[in-house]
Amino acid sequence: MDAKIWLIIGGMALVTAIPRLLPYYILNKTNLSQPVRKWLKLLPTVIFASMITPPLLVEGNSLAPQAHVTDLVTVLAAGIIAYFTRNIAFSLAGAITVLLVIQYLF
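Read in order, the letters of the sequence shown correspond to residues 4 to 109 in the numbering used here.
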C-alpha cells in the first residue's frame, strides 16, 4: 500500500483514540465524589438502552411497539436476567433461549 494510505489510517486511529483515552487519563487523576462515580457507572447502560430502544418501538415514522413484540419480549427477558444475575453470558443465553422458544411456539 501507498504511504499516503498508511498515514490516513494512522491519522484516523489517532483521531478515534484521543477522545476515548483523554477522559480516561483525566478522570483517573481526579478524585470524584461518590454520586458522580455512581452516575458514570450507569452511563454505559443508558447509552446502550438509548441505542436499542428506538428500533424496538418505531416502525417507519410512527410509534409501533406491536410490530416488534418478539424483540421486546426478548429484550425484557434479557434485562430481567441481567438484573438478577449480573452476568452477560447468562443474559445472552437467556435471551437467545427466549427468542428460540417464541419463534418455535409462534
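From the three backbone atoms N, C-alpha and C, an ideal C-beta is built for every residue, glycine too.
For a test of the three-state rule: what should DSSP assign to L66, helix, strand or coil? strand
Please look up how many angstroms separate the CB atoms of V78 and I50, rounded, as I've assumed it's under 8 Å. Not quite, the Cβ-Cβ distance comes to about 15 Å (not below 8 Å), so this is no contact.
Give the straight-line distance between the Cα atoms of Y28 and I11, rounded to the nearest whole angstrom. 25 Å
Proximity of V101 and A80 at Cβ, strictly below 7 Å: Yes, these two residues count as a Cβ contact at 7 Å.
Where the alpha helix (DSSP H) containing L129 begins and where it ends: No answer is possible for residue 129: the residues shown for the chain start at 4 and end at 109.
Can you tell me where the alpha helix (DSSP H) with M15 in it begins and where it stops? 6–32
Tell me the DSSP secondary structure of F109 in three-state form. coil
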